[in-house]
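A short worksheet on the structure shown next.
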Amino acid sequence: MALSGALSGVASKEASQSLTQRLKVYGLAGVVAYGLLNTVYYTAMFTYMWTVGFKVPRGLGYAEAARKLVEVLGITWAGSQLTKAARAAGALLLAPVVDKGLGAFQRALHLKSRRTAFLYIVALCLGLTAALFGTVVVVHA
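Oh and the sequence shown: position 92 is 92 in my numbering, straight run, nothing missing.
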């Protein structure tokens, strides 16, 4: 039993690494596709765990809300390790579409390079996620 569990863990890790290698072929579009799925996962799972899993009440105070934030982010991160291969597979499927979207984004904003468009999208994803996390904590503090 332990051996089959260990072997399935190795197979899963190898499958994830294979997906990651295939995703690298898409370059920035692959990274954006994976990042978009990460953004969706982290915001959805954080919100779910905060409101349903931990049922964090309002009026905690900032120190206690910050402590709960760390707990919820820890659980959310642990869950992300279980879904990494699925997100990589999804990103592999989305990468061609994201590649076209990245070009359209670059043209729409008259950016000089795809790298600049990539950086804008990364900043947008990080900013939206940070705003959500911050708002949730402040509302419950």
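Glycine residues also receive a C-beta, built at the ideal position from the N, C-alpha and C atoms.
Can you list, in chain order, the residues of its chain whose CB lies under 7 angstroms from that of G61, leaving out five sequence neighbours each side?
A141
Express the C-alpha separation of E14 and G5 in angstroms, rounding to a whole number.
Residue placement at G5 is poorly supported in this model, since its pLDDT is 45, which falls under 50; the coordinates still yield a value, given next. Going by the C-alpha atoms only, they are around 14 angstroms apart.
Three-way DSSP call (helix, strand, coil) for R67 in this model:
helix
Backbone secondary structure at K112 - three-state DSSP
Reduced to three states, the DSSP call for K112 is coil.
Assigned exposure category for K68 - 16 Cβ within 10 Å defines buried:
buried
DSSP state of V31 mapped onto helix, strand, coil
helix
Cα separation between K55 and Y42?
Looking at the two C-alpha atoms, the distance is approximately 17 angstroms.
Whole-angstrom Cβ separation of F133 and F46, contact assumed at under 8 angstroms?
7 angstroms
Can you look up P57 in the DSSP assignment and give me helix, strand or coil?
In the structure shown, P57 sits in coil (DSSP, three-state: anything other than H, G, I, E or B).
Exposure label - R58; buried when at least 16 CB within 10 Å:
exposed
What distance in whole Å lies between the Cβ atoms of R114 and G103, which are believed to be in contact at a cut-off of 8 angstroms?
7 angstroms
Can you tell me whether DSSP reads V129 as helix, strand or coil?
Position check: residue 129 holds Thr in this sequence, whereas Val was assumed. Helix.
Beta-carbon spacing of D142, A44 below 7 angstroms:
A question about residue 142 goes unanswered here, because the residues of the chain that appear run from 1 up to 141.
Hey, Y26 and A123: beta-carbon distance below 7 angstroms or not?
no
So, at 7 angstroms on beta carbons, what are the nonlocal neighbours of K24 in its own chain, with the 5 sequence-adjacent residues on each side left out?
G30
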